[in-house]
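Okay, so here's the structure we're looking at.
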Amino acid sequence: MGTATTTLAMCQWPSSSSSSSPSLRMRVRVSCMGPQLSASPVDKTLFQIKNSGVIACLRANSAEVALEAANAAIAGGISVLEIVMSTPGVFEVLQQLVKEHPTMALGVGTVLRIQDAKAAINAGAKFLMSPAIVKDIMDYVKSGDILYIPGAMTPTEILSACDAGAKMVKVYPVSALGGFQYISALKKPFPHISMVASQGITIDSIGEYILRGASSVVLSDAIFDKEAIAQHNFNKIHKLAHSAALLADKAVNRSHSLLL
């Protein structure tokens with residue numbers, strides 16, 4: 001991983017705390033500050049995810065590219081990021097990112113086996129995500145400090161995940177099920193369940209998902225554009241991340257204002 005670390009250190013990106021950026025990693029909403037003071041690690045991660053509105057989902061064909069792409073997205077304003085299990089050196093990449101960005105909510109996605117869950121936790125993951133409900137992982141994290149977000153498709157699956165202890169459920173594959181209209185329909189009987197919308201979501205639809213009840217959305221190709229990844233066009237990834245962060249920030253603020 002020495003080469004990957006060097007590559008990451010060479011990147012020079014503008015700070016996301018500039019006046020034109022949302023500075024999501026440092027943003028705290030007054031209405032949510034109270035519970036944060038004595039919150040558990042899991043609750044703090046939940047807060048970060050809901051406060052961000054976007055989970056950037058990264059998959060790459062090498063550790064070096066993954067580090068570059070992650071660094072570009074973070075500089076663009078992304079504060080919650082998951083690395084997909086299929087990324088080579090996923091745990092080494094995670095360790096490096098945790099070292100560079102210790103306050104961020106960094107996790108691993110498409111976790112299907114308990115041994116991978118344990119390895120991700122040892123590497124510093126604050127959350128794990130799966131496309132389905134993996135009971136072994138659910139049971140393993142119950143008494144720990146790691147947030148597990150299982151995937152579910154139907155109302156029965158979503159409620160079952162919640163009853164099994166999930167504090168947040170990934171609705172997947174959301175675009176194939178009706179998009180933000182499906183989220184809106186689910187929130188009517190399940191207003192108490194925090195849902196993350198995942199699959200096929202575009203940057204310009206972030207607002208609709210958040211306003212229809214999604215706690216956050218997963219963006220993969222919308223930020224980590226396949227062509228940009230293939231061409232190592234990290235400037236494009238930076239710009240896409242910046243656009244996504246700004247739109248999510250606006251949507252989350254609006255959603256909070258409607259609740260006041």
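Going letter by letter, the sequence shown gives residues 1 to 260 in my numbering. Yeah, the Cβ is synthetic: ideal placement off N, Cα and C, and Gly gets one too.
Practice problem: Return the first residue and the last residue of the alpha helix (DSSP H) that LEU81 is part of. | Solution: For the purposes of this step, residue 81 is taken as the residue at position 81 of the sequence shown. Unbroken run through LEU81 is the beta strand (DSSP E), 80-84; no alpha helix (DSSP H).
Quiz item: Span of the beta strand (DSSP E) holding SER216?
Solution: Counting from one through the sequence shown, the residue named residue 216 turns up at place 216. Counting along the chain, SER216 sits inside the beta strand (DSSP E) bounded by residues 216-219.
Quiz prompt | Own chain residues within Cβ distance below 6 Å of SER62, not counting five before or after | solution = If you number the sequence shown from 1, residue 62 lands on position 62. So the qualifying residues of the chain are PRO88.
Quiz item: From ILE114 to LYS44, what does the alpha carbon distance come to, in whole angstroms?
Solution: For this step, residue 114 is matched to residue 114 along the sequence shown. For this step, residue 44 is matched to residue 44 along the sequence shown. The straight-line gap from Cα to Cα measures roughly 23 Å.
Quiz item: Looking only at its own chain, which residues have a Cβ that is under 7 Å from the Cβ of LYS167, when we skip the five neighbours before and after it?
Solution: On the sequence shown, position 167 is the one that residue 167 refers to. The answer, listed in chain order, is VAL42, LEU46, LEU147, SER194.
Quiz item: From the DSSP output, which residues share a beta bridge with PHE127?
Solution: Sequence index remark: in the sequence shown, residue 127 carries index 127 (1-based). Per DSSP, GLY107, LEU147.
Quiz item: Quick one: what's got a C-beta closer than 6 Å to GLU208's C-beta in the same chain, skipping five residues either side?
Solution: Walking along the sequence shown from the start, residue 208 turns up at place 208. Correct list, in chain order: PHE180.
Exercise. May I have the straight-line CA-CA distance separating ALA70 from ILE201, to the nearest angstrom?
Key: Translated into positions along the sequence shown, residue 70 becomes position 70. Translated into positions along the sequence shown, residue 201 becomes position 201. Taking the straight line from one Cα to the other gives about 19 Å.
Quiz prompt | Cα-Cα separation between SER143 and ILE133, rounded to whole angstroms | solution = Working through the sequence shown from its first residue, we reach residue 143 at position 143. Working through the sequence shown from its first residue, we reach residue 133 at position 133. Their Cα atoms are separated by approximately 17 Å.
Quiz item: According to the Cβ coordinates, are ALA222 and ILE203 closer than 8 Å?
Solution: As a first step, residue 222 must be located in the sequence shown, where it is residue number 222. As a first step, residue 203 must be located in the sequence shown, where it is residue number 203. Yes, they are a contact pair.
Exercise. Tell me, to the nearest whole angstrom, how far the beta carbon of ILE210 is from that of VAL252; I am working on the premise that it is less than 8 Å.
Key: For the purposes of this step, residue 210 is taken as residue 210 along the sequence shown, with counting starting at 1. For the purposes of this step, residue 252 is taken as residue 252 along the sequence shown, with counting starting at 1. About 6 Å separates the two Cβ atoms, so the contact holds.
Quiz item: Span of the beta strand (DSSP E) holding SER198?
Solution: Counted from its first residue, the sequence shown places residue 198 at position 198. DSSP places SER198 inside the beta strand (DSSP E), whose first and last residues are 195-198.
Quiz item: What alpha helix (DSSP H) runs, 4 residues minimum, are completely inside the stretch 172-251?
Solution: With a minimum length of 4 residues, the unbroken runs of alpha helix (DSSP H) contained wholly in the stretch 172-251 fall at 174-177, 180-187, 206-211, 226-230.
Quiz item: Does the separation of the CB atoms of VAL98 and ILE83 fall below 8 Å?
Solution: Locating residue 98 in the sequence shown gives position 98, where the first residue counts as 1. Locating residue 83 in the sequence shown gives position 83, where the first residue counts as 1. In this structure, ILE83 does not lie closer than 8 Å to VAL98 by Cβ.
Quiz item: DSSP state of LEU58, grouped into three classes?
Solution: The count along the sequence shown starts at 1 and reaches residue 58 at position 58. Note: LEU58 maps to strand in three-state DSSP.
Exercise. Taking the CB atoms as reference points, tell me whether LEU106 and LEU67 lie closer together than 8 Å.
Key: Position 106 of the sequence shown holds residue 106. Position 67 of the sequence shown holds residue 67. It is not a contact, given that the beta carbons lie outside the stated cut-off.
Quiz item: Name the DSSP beta bridge partners of ALA152, please?
Solution: In the sequence shown, residue 152 corresponds to position 152, counting from 1. The partner list for ALA152 (beta bridge, DSSP) reads VAL171.
Quiz item: GLY77 and ALA245: beta carbons closer than 8 Å?
Solution: Counting from one through the sequence shown, the residue named residue 77 turns up at place 77. Counting from one through the sequence shown, the residue named residue 245 turns up at place 245. For GLY77 and ALA245, yes; Cβs fall inside 8 Å.
Quiz prompt | Whether LYS170 touches MET129 by CB criterion (8 Å) | solution = One-based indexing of the sequence shown puts residue 170 at position 170. One-based indexing of the sequence shown puts residue 129 at position 129. Their beta carbons are under 8 Å apart, which means LYS170 touches MET129 by this criterion.
Quiz item: Which whole-angstrom value is the C-beta distance of VAL218 and GLY53, which I expect to be below 8 Å?
Solution: Reading the sequence shown from its first residue, position 218 is the one you call residue 218. Reading the sequence shown from its first residue, position 53 is the one you call residue 53. Going by Cβ atoms, the distance from VAL218 to GLY53 rounds to 11 Å, so no, they are not a contact pair.
Quiz prompt | Backbone CA spacing between PRO131 and SER257 [nearest angstrom] | solution = Within the sequence shown, residue 131 is the residue found at index 131, counting from 1. Within the sequence shown, residue 257 is the residue found at index 257, counting from 1. Going from the Cα of PRO131 to the Cα of SER257 covers about 31 Å.
Self-check item: Short Cβ contact (8 Å threshold) for PHE91 with ALA123
Solution: On the sequence shown, residue 91 is found 91 positions in, with the first residue counted as 1. On the sequence shown, residue 123 is found 123 positions in, with the first residue counted as 1. Contact flag set, yes.
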